[in-house]
């Protein structure tokens, strides 16, 4: 039987922006939503805030500095844009093994995100030029 990457929930859609404060003000005024508090992740070198819709979160990300891996995205896309789609899984370690077996080239082994949940990314060249974050439900 063929192995599959078992997920049935899109956890979030991540957007990278050059100015988090301006982006949050823009989205709050358009959608009438209140953004979460800004989270500083020194390990990921980003500032993050969330807009919570009834069925999904928008994760808005700004690099902390030019050393942030996200800054490379902004260099290519100075106005920002869609960065990745986060998919939730029950078993992060099994999902990582399945991803390797399916030759999806996980970018790194699972690491804890700012929220404490383990996650990893699938290489966009193996996912039709989209970056997918695989994160644990727990």
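Numbering (the numbering used here), first residue to last: 2 to 139. Even for Gly, the Cβ is constructed at its ideal location relative to N, Cα and C. Since this is a predicted model, take the numbers as computed values, not measurements.
Burial state of residue i, where buried means 16 or more other Cβ atoms lie within 10 Å
i           : result
residue 81  : buried
residue 112 : exposed
residue 83  : exposed
residue 117 : exposed
Inter-residue Cα distance where the pair is residue i and residue j
i           : j          : result
residue 132 : residue 22 : 24 Å
residue 56  : residue 48 : 23 Å
residue 63  : residue 15 : 11 Å
residue 67  : residue 77 : 13 Å
residue 3   : residue 9  : 18 Å
Short Cβ contact (9 Å threshold) for residue i with residue j
i          : j           : result
residue 93 : residue 6   : no
residue 42 : residue 102 : no
residue 51 : residue 58  : yes
Simplified DSSP state of residue i, which is helix, strand or coil
i           : result
residue 120 : strand
residue 74  : helix
residue 15  : strand
Do the stretch 26-34 and the stretch 70-80 meet, that is, are 3 or more Cβ pairs less than 8 Å apart? no
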